[in-house]
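**Student:**
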RNA sequence: CCGGAUGUGGUGAAAUUGGUAGACACGUCAGACUUAGGAUCUGAUGCCGUAAGGUAUGGGGGUUCGAGUCCCUCCAUCCGGACCA
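In this note's numbering, the protein residues as written are 1067 to 2034.
1) Can you look up residue 1607 in the DSSP assignment and give me helix, strand or coil?
2) Going by DSSP in three states, residue 1927 sits in which element: helix, strand or coil?
3) Using C-beta distances below 6 Å, list every residue in its chain close to residue 1978, excluding the 5 sequence neighbours before and after it, in chain order.
4) Would you kindly work out how many angstroms separate the C-alpha atoms of residue 1526 and residue 1357, rounded to a whole number?
5) Just verifying my parser: in three-state terms, what is the DSSP assignment at residue 1694?
6) Indicate whether the contact test is met: 3 or more Cβ pairs, each with one atom in the segment 1154-1166 and one in the segment 1674-1691, closer than 8 Å.
7) In angstroms, rounded to a whole number, what distance separates the CA positions of residue 1897 and residue 1575?
8) If you run the structure through DSSP and keep just helix, strand and coil, what is residue 1353?
9) If you drop the 5 nearest sequence neighbours on each side, which residues of the same chain put their C-beta closer than 8 Å to that of residue 1273?
10) In terms of residues, what are the limits of the alpha helix (DSSP H) holding residue 1966?
11) Going residue by residue through the segment 1625-1693, where are the continuous beta strand (DSSP E) segments of at least 3 residues, counting only ones entirely within it?
12) Please go through the same chain and pick out, in chain order, the residues whose beta-carbon is closer than 7 Å to the beta-carbon of residue 1485, but skip the five residues on each side of it.
13) Going along the chain, which residues of its own chain have a beta-carbon closer than 8 Å to the beta-carbon of residue 1129, five neighbours each way excluded?
14) Consult DSSP for residue 1537 and reduce its assignment to one of helix, strand or coil.
15) Can you tell me where the alpha helix (DSSP H) holding residue 1476 begins and where it ends?
16) Among residues of its own chain, excluding the 5 on either side of residue 1426, which ones have a beta-carbon nearer than 7 Å to its beta-carbon?
17) Can you tell me whether residue 1669 is buried or exposed, with buried defined as 16 or more other CB within 10 angstroms of its CB?
18) I need the straight-line Cα distance from residue 1842 to residue 1547, nearest angstrom please.
19) My understanding is that residue 1174 touches residue 1115, with C-beta atoms under 8 Å, so please give their C-beta distance in whole angstroms.
20) According to DSSP, simplified to helix, strand and coil, what is residue 1358?
21) Looking at C-beta atoms only, is the number of pairs between the segment 1572-1588 and the segment 1610-1622 that lie closer than 8 Å three or more?
22) Is residue 1757 near residue 1701, with beta carbons less than 8 Å apart?
23) Does the segment 1650-1666 come into contact with the segment 1812-1830, if we say contact requires no fewer than three beta-carbon pairs (one atom in each stretch) closer than 8 Å?
24) Identify which residue in 2016, 1939 and 1966 has its Cα closest to the Cα of residue 1188.
25) Do you know offhand how far residue 1671's Cα is from residue 1955's?
26) In whole angstroms, give me the CA-to-CA distance for residue 1441 and residue 1400.
27) Please classify residue 1137 as buried or exposed, where buried requires at least 16 other C-beta atoms within 10 Å of its C-beta.
28) Assign residue 1369 to one of three DSSP states: helix, strand, or coil.
29) Can you give the Cα-Cα distance for residue 1931 and residue 1891, rounded to whole angstroms?
30) Between which two residues does the alpha helix (DSSP H) harbouring residue 1858 extend?
31) Cβ-heavy atom distance between residue 1427 and the ligand HEM below 7 Å?
32) For residue 1496, which residues from the same chain have a beta carbon less than 8 Å from its beta carbon, with the 5 sequence-adjacent residues on both sides left out?
33) Where residue 1156 and residue 1637 are concerned, what is the direct C-alpha to C-alpha distance, given to the nearest angstrom?
34) Going by CA-CA distance only, name the one from 1259, 1219 and 1286 that's closest to residue 1271.
35) Using only alpha-carbon positions, find the residue among 1132, 1154, 1236 and 1111 that is nearest to residue 1194.
36) Using 8 Å for Cβ pairs, my map puts residue 1945 next to residue 1078. What's the rounded Cβ distance?
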């Protein structure tokens, strides 16, 4: 009876499928009612055509282990899986091949699911959701309508129905309490006389999902608009295509109203500090003041935003963004030409150029602002380092305290006022808040951080400004000019957006034959006459629409009356454990946190943070292999280079190449190697010394390499051009070079889990992925190492069964030593699993197996509990052995063993004995021994005496249960 | 430039509270069994040294009887954010 993992795994997978072992019940269906709930979620995968590689399932395995563990611990565990199946790649593929995204997506999902099932995950597939399924996006559209029909009441600090806003306008006009200030100003009476279009235009400024014209990140190559977080250094995150600013009609989410709550919410959730930091930085809250400065000779005021009102006496110039209309209004006649020239220059520069090169540029407008406190005239400049979109698009520059302002002042020779005395050295700006202010009028003598409040008060008293909080975060662009996404349930009539009635949902995505963009940057839907006729919105929703609320749908996936029954969401509540990559730090995680808050505000769910605890999984990097082709050579001293491109390829083993590189070309060994290479090239002895070779390194498929040894036959078959390859070997082997890189098809370093499952089994694969290292950490993949884990499972199997004798488990009473191994292991596995230290848990199993093998322990009372411990990690082998031991019930619901300290209690310990902190020997001492007793024993020890050399010890440190240190 | 993380054998790593550094594996070496081994098992394996011993957790410094762990400082790598006033 051997460990036939292929048969075992197949057998149990189909058994579990038949018996619906992974079906999860909501309490109203009777089962699970008496159990506490636990919700484990994996990040929503996009079903790409490339399928899974070994890096993908890392987090899935971790969450699967934890789910199974919690189930054994008596929880009703929800551990669902589904697919974020709308998205750009499928549409790009459709554009390229003409295949409908629905078709390719369906195929990809099937592949994905087969791969996942292969690994033995405990998903309840009956709860699967797909965002591109109309039964799902019906509710995405429904939530969109909730957003559309809501505004943020600043007084109540929550989302409310838009009818409430209308009521506020009717009662109080535009200055109603809780209503954000805007450009509109009207009395209740005026509101009632406004026509519908105007009213709706005003309301649009408050809806949480709203439509407006805005500068967007337009990517010509992708033919779409990208969110800020999809643009990296001025190019698209996907594909690296250039991105330009363009004004388009767009839908947005008013996430900025939630900035404060998104920030506060971070305090009550368990995300890593790094993750919280990233979100905090993205939200970018800053507080300061907006100040209006008079402009000499003009009616207009210059409004600036500053976080440092305490430095108001150090303002030496103003800088405004070139995009501001104010520029043209205040430029002086003398400076007009220079200003216009600069504006042209700015326009000519792409976002990318601006980000890439940071040269100092700018021009004086000829206008002066007046410092309201000392009447100083302050020159107003324009420069592209000030962004129109942040604050007021204008700053007061304080060169002694701000790095950029200082550089600007130096560059244009603007005199610098020092208001911080010795804190400013004349060379570099000092952004301190600790300095005592000088040259600062009424603020003189105050420490800067205290002056801040004084300054703001003075500004407010003078009526020239207000306290102001600003955020870096912008409202999120929520539309794409694309086909493969959720249609907006919106009809446009006379320029007014009307929501569809709930009864009309889902608004299904129509079939199209072409995925080409519509006219004027509109999406493909604009090409469909029937769609346009119905005056439906032609944009579609972005990828993050469906993924912002999917965790709720899993709770009640087949509900066609509601997005999720309130009873279900009250029961399952927040996701207890969310496992996924860091790449979603600011996108998905912020959006879904916002949606959750809105749904909470509107009373649809009972909690306002979706994910209680987040664990970030590290990336598994690829381990690439290289071969080294001799491409040419040069005789030293000669200019001529011999190109070998046309000859049959000669590959040199990495270690020989590496040795050769480090040698003096004149040395004997170098000559030996070079003549060997030349012999391979020409097929005969060539007498040349001092040869420099040109070696080209290129990737070789890791499947053709065992460890570092190349399969030469397979390599020759790999590509036609390698068929004639000749190798310079190290002994019999060709040794490949290696490097750790990102796992990708083009580097030929991807490894498919299917192959490993086929070769070693799912249980081995699961445990090996965990054994690799801590889940949060990135680490390179090494296929070789999997054999160690496989050996362990075989060894574990042999505790239960032998090839010839079959089952060898006995019902004998266990010895104290065996019980100690068992309980030590229970403690270890339970603690490690609880803290997601799966790698050390795997080694805990190995240690237990090694020790029980040494003890020749085949006792049921020891092995059965260990089998239960192993179930979350290697469910198939556990179930098989459980069954072999005669159990008819499922091990998936067995009772988790209980640790009992009495079995691991020790009476003595092998104490380390140090002299001056250096370990010299160990001594077995009773644990209850007291200090004087121990001191006596230690001093009598011959090793200790040898090191004491007759000197009396200065001090003896004895830490009970830990160590002894003798100080001489 | 800012922020975060990481740095331990040939490799992946462990050391949970300041207390025997390198558990557990991979790899390598030696051996056993075998027609055979890319199966299985046993042993060795941080480095220098025959040994005694010395030395060792990125470098330097500090606190301590004792530091991989705490503090200061420098360096390297990875990730994220980048003109946010």
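Ideal Cβ placement from N, Cα and C applies to all residues, glycine included.
**Tutor:** Taking the definition as stated:
1) coil
2) helix
3) 1985, 1988 and 2029
4) Cα atoms of residue 1526 and residue 1357: separation of roughly 9 Å, rounded to the nearest angstrom.
5) Looking at residue 1694 - three-state DSSP - the assignment turns out to be strand.
6) no
7) 50 Å
8) strand
9) Closer than 8 Å at Cβ, skipping near neighbours: 1213, 1214, 1215, 1216, 1217, 1228 and 1320.
10) Segment: none, residue 1966 is in no alpha helix (DSSP H) and carries neither H nor E.
11) 1643-1646 and 1680-1682
12) 1377, 1379, 1380, 1466, 1503, 1504, 1505 and 1506
13) 1106, 1107, 1108, 1145, 1643 and 1645
14) In the three-state scheme derived from DSSP, where H, G and I count as helix and E and B as strand, residue 1537 is classed as strand.
15) Run containing residue 1476: 1469-1477, per the alpha helix (DSSP H) assignment.
16) So the list reads 1473, 1474 and 1477, once near-sequence residues are dropped.
17) exposed
18) 36 Å
19) In this structure residue 1174 is in contact with residue 1115, their Cβ atoms being roughly 5 Å apart against a cut-off of 8 Å.
20) strand
21) no
22) yes
23) no
24) 1939
25) 38 Å
26) 24 Å
27) buried
28) strand
29) Between residue 1931 and residue 1891, the alpha-carbon positions lie close to 10 Å from each other.
30) 1852-1866
31) Because no ligand of any kind appears in the structure shown, any question about the ligand HEM cannot be addressed here.
32) 1466, 1467, 1486, 1489 and 1490
33) 36 Å
34) Nearest to residue 1271 by alpha-carbon distance, out of 1259, 1219 and 1286, is 1219.
35) 1111
36) 5 Å
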